[in-house]
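If you're matching them up, the sequences are chains H and L in order. So for the first sequence, this note's numbering puts the first residue at 21; every next one is plus one. So for the second sequence, this note's numbering puts the first residue at 4; every next one is plus one. Glycine included, every Cβ here is placed at the ideal spot set by N, Cα and C. Since this is a predicted model, take the numbers as computed values, not measurements. Have a look at the structure below, then the notes.
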Amino acid sequence: MFLIGTNPTEAHPVIGYKMRQAARNGAKMVVCDPRHIDLVDEADYWLRLKPGTDIPLLNGLMHIIIKEGLEDKKFIEERTENYEELKAIVESYTPERVAELTGLSVDDLYAVARLYATTDKAMIFYTLGITEHICGTRNVMSCANLAMLTGHLGRPGTGVCPQRGQNNVQGACDMGALPNVYSGYQAVTVDAAREKHEQAWGASLPNKVGLKIPEMFAAAHDGKVKAMYILGENPVLTDPDANHIRAALEHLEFLVVQELFLTETAQYADVILPAASFAECDGTFSNTERRVQRVRKAIEPIPGQANWQTICQMVTRIGYPMNYDSPKEIWDEMASLSPSMAGINYDRIDQQNSIQWPCPTLEHPGTPVLHVGKFTRGLGSFQPSEHIPPGEMPDAEYPFLLSTGRILQHYNVTTPYSKGISSIWNKEMSELNPVDAEKLGVKTGEQVKVTSRRGEAVTQIKVTDRVLPGVIWMSFHYNATPTNALTSHHLDPITGTGEYKVAAVKIEKL
Amino acid sequence: MKGVMGVELIKLIIDGKEVEAPAGSTVLQAAENAGINIPRLCYDPELSKLGACRLCVVEIEGNRLLPASCVTPVMQGMVVNTESPAVIEARRTILELTIANHPLDCMTCDKMGDCKLAEYAYRYGVKESPFEGEKHDYVIDDSNPFIIRDLNKCILCGACVRACEEMTGADNLSYLNRGFHRKATTAADVPYIDSDCVFCGQCVAVCPTGALTEKTMSGLARRWDIDRVRTTCPFCGTGCNFDLAVKDKKVIGVLSNPDSPVNGRSLCVKGRFGWDYIYNENRLTTPLIKKNGKFEHASWDEAYDLIALKFNEIKDKYGPDSFAALSSARCTNEENFLVQKFSRAVMGTNNVDHCART
Ligand code: SF4
Ligand code: SF4
Ligand code: SF4
Numbered sequence: 021m022f023l024i025g026t027n028p029t030e031a032h033p034v035i036g037y038k039m040r041q042a043a044r045n046g047a048k049m050v051v052c053d054p055r056h057i058d059l060v061d062e063a064d065y066w067l068r069l070k071p072g073t074d075i076p077l078l079n080g081l082m083h084i085i086i087k088e089g090l091e092d093k094k095f096i097e098e099r100t101e102n103y104e105e106l107k108a109i110v111e112s113y114t115p116e117r118v119a120e121l122t123g124l125s126v127d128d129l130y131a132v133a134r135l136y137a138t139t140d141k142a143m144i145f146y147t148l149g150i151t152e153h154i155c156g157t158r159n160v161m162s163c164a165n166l167a168m169l170t171g172h173l174g175r176p177g178t179g180v181c182p183q184r185g186q187n188n189v190q191g192a193c194d195m196g197a198l199p200n201v202y203s204g205y206q207a208v209t210v211d212a213a214r215e216k217h218e219q220a221w222g223a224s225l226p227n228k229v230g231l232k233i234p235e236m237f238a239a240a241h242d243g244k245v246k247a248m249y250i251l252g253e254n255p256v257l258t259d260p261d262a263n264h265i266r267a268a269l270e271h272l273e274f275l276v277v278q279e280l281f282l283t284e285t286a287q288y289a290d291v292i293l294p295a296a297s298f299a300e301c302d303g304t305f306s307n308t309e310r311r312v313q314r315v316r317k318a319i320e321p322i323p324g325q326a327n328w329q330t331i332c333q334m335v336t337r338i339g340y341p342m343n344y345d346s347p348k349e350i351w352d353e354m355a356s357l358s359p360s361m362a363g364i365n366y367d368r369i370d371q372q373n374s375i376q377w378p379c380p381t382l383e384h385p386g387t388p389v390l391h392v393g394k395f396t397r398g399l400g401s402f403q404p405s406e407h408i409p410p411g412e413m414p415d416a417e418y419p420f421l422l423s424t425g426r427i428l429q430h431y432n433v434t435t436p437y438s439k440g441i442s443s444i445w446n447k448e449m450s451e452l453n454p455v456d457a458e459k460l461g462v463k464t465g466e467q468v469k470v471t472s473r474r475g476e477a478v479t480q481i482k483v484t485d486r487v488l489p490g491v492i493w494m495s496f497h498y499n500a501t502p503t504n505a506l507t508s509h510h511l512d513p514i515t516g517t518g519e520y521k522v523a524a525v526k527i528e529k530l
Numbered sequence: 004m005k006g007v008m009g010v011e012l013i014k015l016i017i018d019g020k021e022v023e024a025p026a027g028s029t030v031l032q033a034a035e036n037a038g039i040n041i042p043r044l045c046y047d048p049e050l051s052k053l054g055a056c057r058l059c060v061v062e063i064e065g066n067r068l069l070p071a072s073c074v075t076p077v078m079q080g081m082v083v084n085t086e087s088p089a090v091i092e093a094r095r096t097i098l099e100l101t102i103a104n105h106p107l108d109c110m111t112c113d114k115m116g117d118c119k120l121a122e123y124a125y126r127y128g129v130k131e132s133p134f135e136g137e138k139h140d141y142v143i144d145d146s147n148p149f150i151i152r153d154l155n156k157c158i159l160c161g162a163c164v165r166a167c168e169e170m171t172g173a174d175n176l177s178y179l180n181r182g183f184h185r186k187a188t189t190a191a192d193v194p195y196i197d198s199d200c201v202f203c204g205q206c207v208a209v210c211p212t213g214a215l216t217e218k219t220m221s222g223l224a225r226r227w228d229i230d231r232v233r234t235t236c237p238f239c240g241t242g243c244n245f246d247l248a249v250k251d252k253k254v255i256g257v258l259s260n261p262d263s264p265v266n267g268r269s270l271c272v273k274g275r276f277g278w279d280y281i282y283n284e285n286r287l288t289t290p291l292i293k294k295n296g297k298f299e300h301a302s303w304d305e306a307y308d309l310i311a312l313k314f315n316e317i318k319d320k321y322g323p324d325s326f327a328a329l330s331s332a333r334c335t336n337e338e339n340f341l342v343q344k345f346s347r348a349v350m351g352t353n354n355v356d357h358c359a360r361t
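See below:
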C-alpha cells in the first residue's frame, strides 16, 4: 500500500481501519505525508516530504526504478505509449536532487522504489492531498505513471485508487453533473450522444462545454452568469477563496438554493427550497469503488416531500413537464441512456446489495477491477511532468505555510448539526509545531489570528509535532473559523481545483 | 474429495445428519452451514477465536471431554452431538454461573430482544442461579454522548476488546485485574471520554449483552419494536451500509448490518452517531422567499411561481448561458441526474457542475 496525500483513518475511516489491519497482518505500507497521520504508526516507511513536492518524489522513484531495471518491460511494451518521454523527463530526477527538493533521505528513496517495484500486488492510494494543488492533475498523472511503469494495474490488489471525498462524488460525476458530459461520461460535444439525449428528452441541447465551478463564480462576478440554482452545497464554506465566492453570489440577479439548513451560501438566496435528508429519500449513492448502493427512505420527509419531487415540481412550473413515479423510474431513464450502467436496476441492487459499473447488460455481473487487459482509452499513455512549485510560498510577510484537511469527526457541513458530535468536537483546533508555538508564545487551547493575502480567521491552537515546523494545519468544518477565507486563489489549470493544501499565512497570538 | 477451488471437503455427522465442510473449518461453522445453531457467547465470525465462554461445547464420539466447537476443527468421519444431555447440563451450569453475577433487570434493559445471555437462558430454562455470590457494583460510564457502558452486565466475552483491536485498530480496550475483579475496559480504567476511544462503536455492535448500548436509543425502544431500514452512509465515499433503527416513524439510532458489502459491521463515529443532524431544530421546513433583505415563509406554489418567472425572464433576456447549476456530491444519483437534465434540457446550458473538486 503506497499512500500519498491521503489520511484514511480520518477522511475514510473504515477504509483506514482496514488498511491498518492489512499492515498489521504483514502487508507493507509506505506513507508519503508531511503530517504525522495515524497510519504512520503502522507504516514500514514514512516519507515526510516537504509540502508540494509530490512530483519530484514520484519522478525520483521512477528514476531509480528505471536505473535499476525494475520496470515492467512487458507491460510497458504491450499496454502503454509515450514511455520515451517519461524516461527523458525523470532522467534528471536523481536521488540526490530529489532528496534536496523533498527533504527526504536518498536511502529511503531507494528502499521505497525497490519495495514498490518488486511487490507483486502494490496499490497507490491518494485523495485531496494530491489533487488540491496547483499541479493536482499532474500529481495524479504522476501516480498513474508510477503504476504503469511497474505494471501495477488491472489486476486485483493493484492500481491507482483515488479515494473520493464526499459520499457521492463518484455518483455526481457518473450522473453527468459535469459541464462536459452526460451520465455515463458521454461527451456533450459528440453528436451521437447529444442526439440520443435530445430524442429522449424532447428538447434541443447545447453542444458547447459548460462552465466549471470556479468559472461559474468568475462569470457571476463579471455579470455573465445572472441566475443560479444550487442543490445541497455550501461553496462559501467549502470553496477556496470564500470572499470571492461571496462577492460573486452577491452579483447574481437571482439565486435559488435547495438546502437542509440556512447555510452561509443559502443566506445569499432569493428563494430557498427546504431539502430532505438521506433518511427521508429513496435513491442510490455510488461509492469510491463505483459501487452503486441503495439509499432507503426510513421516515417521512421533514419538509413534506423528497428532493426529487421538489426538483420535478419546480422544473414543471418553469415549463418543462417532468413527471416520475419514483426515484426508481429516474434511475431507469438514466440507465437507458448510459451504456456503462445499462445493466443496473433497483431490483438487482436489492438482490445483490451492490453492483459496480461498468455493467452494460442485465446478465453482466459488474466490474470490481478496471483496466483489466485494456485501458478505457486503449493504450495507457505516460504523461510525465516536471516539478511545479506551489503557486504561493511563505515569504517574509507571510512566513507560515497553511495546509488544510478533514478531521475524523466531521464531514464538511452536516456533522456540525449533529448534537452528539458537536458536543465533543466543537471548535477548530489548528495544529502547530512546538518550535513555532514557543516562538509565538502560544499553548494548546489558546487563540491565534491567521491572516493570508485574502482574508483572516481566528482559531484555537493544538501544539503537536504531527506537523513540521513552519506549517499550520487547519480543517474547514467550523463556521466560527472560516478556513477557506484564507486559502489560495491558485487553481489547477486543468480541473479548476483550488490549491487548498498550500497557502502562505502569518500567525498572531490573540 | 475436492470441493470448489481445490479445498478438501470433510465428511462428518452432526446430530445424525451427514454434513460436508471444507478442511480447516470448525465444528461450529460446519453445524451452522447445516442449519444447526450452536449457542455461543464469545465466538464472533468477524473476530479471532477465543474459546473462552465454553457455551458452544459439543459431544464428539470417542472424546471424553466436551470440546468447544468454535475452536475444534472438523475431521473425517467425526460424529458430533450438539444437544446431548451432557452438553445441555454443561451449558446450564455455565449459564447459571454467569447470571449469578449478572443483574436480572432484563425488564428494563435496552438490549432485551437482542441479548445472547437472555436468549440462551430462555433456551435452557435457566431462571435463577443456585450459586450465591458477590455481585459487582460498577459505576455506569455515561461520560460521552454515544455509548453507555454498564460493566455490571459484562460477561467478559472479550468481543469488545477484540473488535477494538481487530476491526478498528484503536487498541483502546484490554483486560484489567484477575479473578472476580477482572474487567474488560480502557487503559487505566478511565471513562471512554478520557480514553483513546475514537467512538467507532464497534464494541457496541459486537457486545452480546446490555453491557454496551447506544445512548441515543436508551429507553426508547425494545429491539423487537424497531424497524430496520437498510441504507448507505451519507458522510464519506467509503459507502458503508447500515440499518436506520426506526420506532414510531422516527429514527432513533444506527445499527450495524453484517451483510454490508463494504464494511460488514464496522462504521466510524460519523456513520454510527452523526445521523442526528436530521432532527436538528434548525432544519428548514418550508420554502423561504427573501423580501427586503429578509427571509419570509412562503408556500411551495409561491416559491415555484417566483422561480419560474425569474429563471424564464433571465433566460429570455440574457440567453441560456446566463444560468448555471451547482449540483451536489451529497445528494443521490437520481437527484444529480435530474439537476443536469434540468440545466441542459430546460435551461439550455451545460453550465452544470458539482463540488467534486472540494
Ligand atoms: S468505540 Fe471503537 S475505539 Fe472506542 S472502545 Fe469501542 S471499539 Fe474501541
Ligand atoms: S462489554 Fe460486552 S463485549 Fe465486552 S467483554 Fe463485556 S460482554 Fe463482552
Ligand atoms: S461510516 Fe464512516 S467510513 Fe463508513 S461511509 Fe460513513 S463516514 Fe465513511
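With distances taken from CA atoms, which of the options is nearest residue i?
i      : options                           : result
A296/H : A286/H, K348/H and L280/H         : L280/H
Y321/L : G351/L, N339/L and S331/L         : G351/L
K529/H : D74/H, K70/H and T464/H           : T464/H
E98/H  : S401/H, L357/H and Y146/H         : S401/H
K156/L : D108/L, E122/L, E131/L and V164/L : D108/L
G182/L : K138/L, A248/L and W278/L         : K138/L
I250/H : T122/H, K87/H, I292/H and V468/H  : I292/H
D113/L : V207/L, Y178/L, V30/L and A191/L  : V207/L
E11/L  : C73/L, P25/L and A190/L           : P25/L
Alpha carbon to alpha carbon, what distance is there between residue j and residue i?
i      : j      : result
G14/H  : M49/H  : Nothing can be reported for residue 14/H: it is not among the residues displayed for chain H, which extend from 21 to 530.
G191/H : A326/H : 18 Å
Y307/L : C193/H : 27 Å
V349/L : G386/H : 33 Å
G461/H : L154/L : 44 Å
D117/L : Y340/H : 51 Å
D367/H : N188/H : 21 Å
G80/H  : T170/H : 14 Å
P182/H : G222/L : 42 Å
G516/H : G213/L : Residue confidence for G516/H is low, a pLDDT of 48 falling below 50, so the modelled location carries little weight and cannot support an answer.
R333/L : G240/L : 10 Å
K93/H  : Y103/H : 10 Å
S28/L  : P76/L  : 6 Å
CB of residue i to nearest heavy atom of ligand 1: below 7 Å?
i      : result
F276/L : no
Y195/L : yes
G204/L : yes
N175/L : yes
T171/L : yes
For residue i and residue j, which I take to be in contact (beta-carbon distance under 8 Å), what is that distance rounded to the nearest angstrom?
i      : j      : result
W377/H : R310/H : 5 Å
R2/L   : G204/L : A query on residue 2/L cannot be resolved here, the shown segment of chain L reaching from 4 to 361 and no further.
L59/H  : R40/H  : 6 Å
A197/H : Q343/L : 5 Å
For ligand 2, is there a heavy atom less than 7 Å away from the beta-carbon of residue i?
i      : result
L159/L : yes
A187/L : yes
P211/L : yes
Could you tell me whether any non-hydrogen atom of ligand 3 is closer than 7 Å to the CB of residue i?
i      : result
K273/L : yes
G242/L : yes
query: Between the segment 347-379 of chain H and chain L, which residues of the former have CB atoms less than 8 Å from a CB of the latter, in chain order?
result: Listed by position, the residues of the segment 347-379 of chain H near chain L (Cβ gap below 8 Å) are P347, I350, W351, E353, M354, N373 and S374.
field: Interfacial residues, the segment 289-300 of chain L to chain H, with Cβ spacing under 8 Å
entry: So the close ones are T289, P290, L291, I292, K293 and F298.
field: Residues, ordered as in the chain, of the segment 165-189 of chain L that lie near chain H by beta-carbon distance below 8 Å
entry: Cβ contacts with chain H come from E169, M170, T171 and G172.
- prompt: Going along the chain, which residues of the segment 316-328 of chain H sit with their C-beta nearer than 7 Å to a C-beta in chain L?
  reply: Per Cβ criterion, the list reads R316, A318, I319, E320, I322, P323, N327 and W328.
message: Output needed in chain order: residues of the segment 293-306 of chain H with a Cβ under 7 Å from some Cβ in chain L.
response: So the close ones are L293, P294, S297, F298, A299, C301, G303, T304, F305 and S306.
field: Contact set between the segment 316-332 of chain L and chain H, restricted to residues whose Cβ is under 9 Å from the partner
entry: Residues of the segment 316-332 of chain L whose Cβ lies closer than 9 Å to any Cβ of chain H, in chain order: E316, I317, K318, K320, Y321, P323, D324, S325, F326, A327, A328, L329, S330, S331 and A332.
field: Residues of the segment 340-355 of chain L with Cβ closer than 9 Å to any Cβ of chain H, in chain order
entry: Within the segment 340-355 of chain L, contact with chain H at the beta-carbon level (separation under 9 Å) is assigned to F340, L341, V342, Q343, K344, F345, S346, R347, A348, V349, M350, G351, T352, N353, N354 and V355.
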